[in-house]
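Trainee: This is the structure, below, for whatever I ask next.
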Amino acid sequence: MPNLKVRPNGTSGRVVSVTPESAGWTYVGFELFKLKPGETASEKTSTREVCLVLVSGRAKVSGGGEDFGEIGERMSPFEGAPYAVYVPAGAEWSVEATTELELAVCSAPGAGGTLPARLIPPGSNPQITRGTGTNTRYVTNILPETDPADSLLVVEVITPGGHTSSYPPHKHDTDNLPHESFLEETYYHRLNPPQGFGFQRVYTDDRSLDEAMVVEDGDVTLVPKGYHPVAATHGYDLYYLNVMAGPKRTWKFYNAPEHEWLVK
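Structure, rendered in structure tokens:
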């Protein structure tokens with residue numbers, strides 16, 4: 576059975592590292608840093624563009640030759656929209672925590688720094704409510720296809736306890752535009768309260784891939800292909816940060832036909 580779940584390694588510094596090489600795919604990279612006040616993280620983007628997402632906490636951030644000063648408002652991913660910074664390929668970025676900080680580094684192939692670094696403040700894209708009843712969830716686009724980037728798509732979702740999301744089951748693993756796009760995807764999961772758990776299933780039509788996973792606070796799940804619904808258990812709200820990238824920067828998904836009736 577493929578290993579589609581990555582647990583955090585430690586409680587400080589770089590605690591998660593998903594690279595195209597470690598995931599066995601081509602496009603998406605994801606790192607998670609946990610820093611104490613005064614601690615720093617920095618990297619060169621090389622051939623990859625980056626979206627820095629302050630999952631929680633405040634920090635001084637610079638990137639691509641720009642100093643964005645001290646940014647960040649929320650102390651929990653369940654407290655409103657995030658601050659983020661886009662850094663193009665061929666640049667450097669640096670982050671210094673000014674409070675306890677959880678920093679997500681989302682990456683994908685870039686086009687040689689043709690775009691400038693920029694701040695993405697809260698409210699850049701309004702929160703969207705999707706679904707009805709127990710399929711209701713709350714979506715905040717951080718780097719949607721309508722905003723400039725070379726490859727990256729970044730979004731965060733809050734699924735209330737007892738609700739489902741990424742549902743009806745959908746996939747985006749076939750380069751068949753305008754009907755469907757090919758996108759690799761990671762999910763970074765957080766729970767509120769943190770001792771909770773949720774579930775995610777990743778499966779293909781022929782069931783050659785069919786894995787159901789318990790997801791706990793801090794877990795990262797990989798979606799190389801197939802449908803990938805998520806369920807939050809009663810009493811525990813589920814947050815996840817999605818990173819997607821593929822050969823074309825557009826999100827066109829295909830619902831599982833047997834569950835299509837749920838949206839009609």
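Just so we're on the same page, my numbering is the position in the sequence shown counted from 1, plus 575.
No residue lacks a Cβ here, since even glycine has one placed at the ideal position from N, Cα and C.
1. Checking 8 Å against the spacing of the C-beta atoms, do Leu718 and Val670 come in under that value?
2. How many angstroms separate the CA atom of Lys800 from the CA atom of Glu791?
3. Once you ignore the five residues that flank His764 on each side, which residues in its own chain have a CB closer than 6 Å to its CB?
4. When burial is assigned at 16 or more other CB atoms within 10 Å of the CB, is Glu835 buried or exposed?
5. Exposed or buried, which one is Ala634 when buried takes at least 16 other CB atoms within 10 Å?
6. With burial defined as no fewer than 16 other Cβ atoms inside 10 Å of the residue's Cβ, what is the status of Lys619: buried or exposed?
7. Could you check whether Lys827 and His745 sit closer than 8 Å to each other, using their CB atoms as the reference points?
8. Going straight from the alpha carbon of Glu720 to that of Phe757, what length do you get?
9. In the structure shown, what three-state DSSP assignment does Ser726 receive?
10. Between Gly639 and Ala679, is the Cβ-Cβ spacing less than 8 Å?
11. Rounding to the nearest angstrom, what Cα-Cα distance links Glu833 and Pro697 in this structure?
12. Within 10 Å of its beta-carbon, does His803 have 16 or more other beta-carbons around it, so buried, or fewer, so exposed?
13. At the level of alpha carbons, what is the spacing between Glu786 and Glu654?
14. Quick one, which of Val714, Tyr811, Leu629 has its alpha-carbon nearest Pro703's?
15. Could you tell me if Gly687 is buried or exposed, where buried requires 16 or more neighbouring beta carbons within 10 angstroms of its beta carbon?
16. Rounded to whole angstroms, what's the CA-CA distance from Asp780 to Arg712? Just pull it up for me.
17. Taking Cβ positions, are Glu759 and Tyr602 nearer each other than 8 Å?
18. Could you give the distance in angstroms between the alpha-carbon of Gly588 and the alpha-carbon of Val732?
19. Find the nearest neighbour of Glu840 within the set Tyr762, Val729, Gly685, Met788, judged by alpha-carbon distance.
20. Could you work out which residue in Thr689, Leu797, Lys839, Gly810 is closest to Gly599 when comparing CA atoms only?
21. Where in the region 642 to 685 do unbroken runs of the alpha helix (DSSP H), each at least 4 residues long, occur, reported from the N-terminal end onward?
22. Please report how far the alpha carbon of Gly604 lies from the alpha carbon of Pro822, in whole angstroms.
23. Just the Cα atoms here: how many angstroms apart are Tyr742 and Tyr762?
24. With a cut-off of 8 Å on the beta carbons, I'd call Gly771 and Gly737 a contact; round off their distance for me.
Mentor: Well, looking at it:
1. Here residue 718 refers to the residue found at position 143 of the sequence shown. Here residue 670 refers to the residue found at position 95 of the sequence shown. No.
2. On the sequence shown, position 225 is the one that residue 800 refers to. On the sequence shown, position 216 is the one that residue 791 refers to. Computed Cα separation, rounded: 22 Å.
3. Within the sequence shown, the letter at position 189 stands for residue 764. Val790, Asp794, Tyr815, listed in sequence order.
4. Start at 1 with the first residue of the sequence shown, and residue 835 comes out as number 260. Exposed, by the Cβ-count rule.
5. The sequence position of residue 634 within the sequence shown is 59, counting from 1. Ala634 is buried by the Cβ-count criterion.
6. Working through the sequence shown from its first residue, we reach residue 619 at position 44. Exposed, by the Cβ-count rule.
7. Here residue 745 is taken as the residue at index 170 of the sequence shown, counted from 1. Here residue 827 is taken as the residue at index 252 of the sequence shown, counted from 1. Against a cut-off of 8 Å, the Cβ pair of Lys827 and His745 comes out as no contact.
8. On the sequence shown, residue 720 is found 145 positions in, with the first residue counted as 1. On the sequence shown, residue 757 is found 182 positions in, with the first residue counted as 1. Going by the C-alpha atoms only, they are around 14 Å apart.
9. To locate residue 726, count along the sequence shown from 1; it is residue 151. In this structure, Ser726 counts as coil in the three-state DSSP scheme.
10. Within the sequence shown, residue 639 is the residue found at index 64, counting from 1. Within the sequence shown, residue 679 is the residue found at index 104, counting from 1. Cβ distance not < 8 Å, so Gly639 and Ala679 don't count as in contact.
11. Counted from its first residue, the sequence shown places residue 833 at position 258. Counted from its first residue, the sequence shown places residue 697 at position 122. Roughly 37 Å separates the two Cα atoms.
12. As a first step, residue 803 must be located in the sequence shown, where it is residue number 228. Buried is the call here.
13. The residue given as residue 786 occupies position 211 in the sequence shown. The residue given as residue 654 occupies position 79 in the sequence shown. Roughly 31 Å between the two C-alpha positions.
14. Counting from 1 along the sequence shown, the entry for residue 703 is found at position 128. The identity of residue 703 in the sequence shown is Ile, whereas the question assumes Pro. For Ile703, the nearest C-alpha among the options comes from Val714.
15. Residue mapping note: residue 687 aligns to position 112 of the sequence shown, counting from 1. When all chains shown are included, Gly687 counts as exposed.
16. Here residue 780 is taken as the residue at index 205 of the sequence shown, counted from 1. Here residue 712 is taken as the residue at index 137 of the sequence shown, counted from 1. If I take the Cα positions, the gap works out to 25 Å.
17. On the sequence shown, residue 759 is found 184 positions in, with the first residue counted as 1. On the sequence shown, residue 602 is found 27 positions in, with the first residue counted as 1. Going by C-beta atoms, Glu759 is nearer than 8 Å to Tyr602.
18. Taking the sequence shown and counting its residues from 1, the one referred to as residue 588 is at position 13. Taking the sequence shown and counting its residues from 1, the one referred to as residue 732 is at position 157. Taking the straight line joining both Cα atoms gives about 25 Å.
19. Outside the shown range of the chain (576 to 839) lies residue 840, about which nothing can therefore be said.
20. Position 24 of the sequence shown, counted from the first residue, corresponds to residue 599. Considering only alpha carbons, the answer is Leu797.
21. none
22. Walking along the sequence shown from the start, residue 604 turns up at place 29. Walking along the sequence shown from the start, residue 822 turns up at place 247. Approximately 15 Å between the Cα atoms of the pair.
23. As a first step, residue 742 is located in the sequence shown; it is residue number 167 there, counting from the start. As a first step, residue 762 is located in the sequence shown; it is residue number 187 there, counting from the start. Rounded to the nearest angstrom, the two C-alpha atoms are 14 Å apart.
24. For the purposes of this step, residue 771 is taken as the residue at position 196 of the sequence shown. For the purposes of this step, residue 737 is taken as the residue at position 162 of the sequence shown. That pair is no contact at about 11 Å.
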